[in-house]
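First the structure, in the form of structure tokens, and then the observations on it.
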Amino acid sequence: MLSAPDVRRLAPLAALLLAAVVILLDPAATRAETPVRIVISPTTVCALTDAGEIVCWGFDTPLVHDVPDGVFTSLSLGPGDACAISDEGAAVCWGTGYGYINDTIDGILERNPGTDLDRVELAQLLPPERDDLVEIVVHPWRHYACALTIEGEIVCWGRPQAGQNATAGG
2 MLSAPDVRRL APLAALLLAA VVILLDPAAT RAETPVRIVI SPTTVCALTD
52 AGEIVCWGFD TPLVHDVPDG VFTSLSLGPG DACAISDEGA AVCWGTGYGY
102 INDTIDGILE RNPGTDLDRV ELAQLLPPER DDLVEIVVHP WRHYACALTI
152 EGEIVCWGRP QAGQNATAGG
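2 is the number of the first residue of the sequence shown in the numbering used here; add one for each residue after it.
Shown next, in the form of structure tokens:
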């Protein structure tokens with residue numbers, strides 16, 4: 002039988018052995034979750050961790066509940082929208098969107114069945130299908146986002162404001 006002083010001396014060793022067992026059984030337990038970037042909107046706070054994961058909290062909104070899985074390198078937050086750049090260089094957007102920055106052609110047609118797609122600049126409304134994006138910014142109060150490519154090109158989409166172009170050269 003161990004005495005009380007022996008138990009106190011062995012407690013750190015027992016904790017170390019338990020941690021080793023946990024690490025062996027669940028390698029994900031060793032992954033760091035340190036925030037490296039924090040973004041804030043009126044209703045939500047999101048953090049990008051050093052593992053590339055996105056964690057959001059705040060009011061009960063799609064920004065908090067619909068956070069995409071994956072590994073990300075850039076993150077930005079708007080009034081009801083969020084966008085991130087995946088580790089593959091693609092734009093991923095989520096949130097309420099109000100039918101703009103995280104929209105699809107089907108979403109546009111569902112809300113506005115009479116939309117003449119020939120008259121709508123879809124390239125400007127939909128997130129770009131690219132794999133060369135490195136940084137992203139969501140407008141702080143409009144449903145509009147822009148991303149920077151590896152080559153220095155700026156690509157924008159969402160609800161554009163007067164005088165804004167969909168792309169700009171670098």
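Cβ atoms here follow ideal geometry from the backbone N, Cα and C, with glycine treated the same way.
As the structure is a prediction and not an experimental result, all values here were calculated from the model.
Own chain, CB closer than 7 Å to residue i, minus 5 neighbours either side, in chain order
i	result
Val37	Leu49, Thr50 and Asp51
Ala21	Its pLDDT being 44, under 50, Ala21 is placed unreliably in this model, and the value from its coordinates should be taken loosely. Around Ala21: no qualifying Cβ.
Ile39	Val46 and Ala48
Ser4	none
Beta-carbon contacts of residue i that lie in its chain and below 8 Å, excluding the five residues immediately before and after
i	result
Pro129	Ala92, Ala148, Val156 and Trp158
Phe73	Leu49, Gly53, Glu54, Ile55, Ala85, Ile86, Ser87, Asp88 and Val93
Val138	Ser77, Ala146, Cys147 and Ala148
Where the alpha helix (DSSP H) through residue i begins and ends
i	result
Val65	Pro63 to His66
Residue i: first and last residue of the uninterrupted beta strand (DSSP E) it sits in
i	result
Glu136	Leu134 to Val139
Trp158	Ile155 to Gly159
Leu149	Tyr145 to Thr150
Trp95	Ala92 to Gly96
Ser87	Asp82 to Ser87
Beta-carbon proximity list for residue i, same chain, < 6 Å, skipping 5 on both sides
i	result
Asp133	Gly90, Thr150 and Ile151
Val135	Leu149 and Ile151
Gly71	Ser87
Leu25	Any reading at Leu25 must be qualified, since the residue scores a pLDDT of 48, below 50, and its modelled position is unreliable; no value is offered.
Pro43	none
Beta-carbon gap between residue i and residue j smaller than 8 Å
i	j	result
Leu76	Thr45	no
Val68	Cys84	no
Straight-line gap, residue i to residue j (C-alpha atoms, nearest Å)
i	j	result
Pro80	Gly59	13 Å
Tyr145	Glu34	29 Å
Asp82	Ile41	11 Å
Cys47	Pro141	14 Å
Thr62	Glu111	22 Å
Thr97	Arg131	23 Å
His66	Pro114	28 Å
Complete alpha helix (DSSP H) runs within the region 35 to 80 (minimum length 4 residues, chain order): 63 to 66, all fully within the region 35 to 80.
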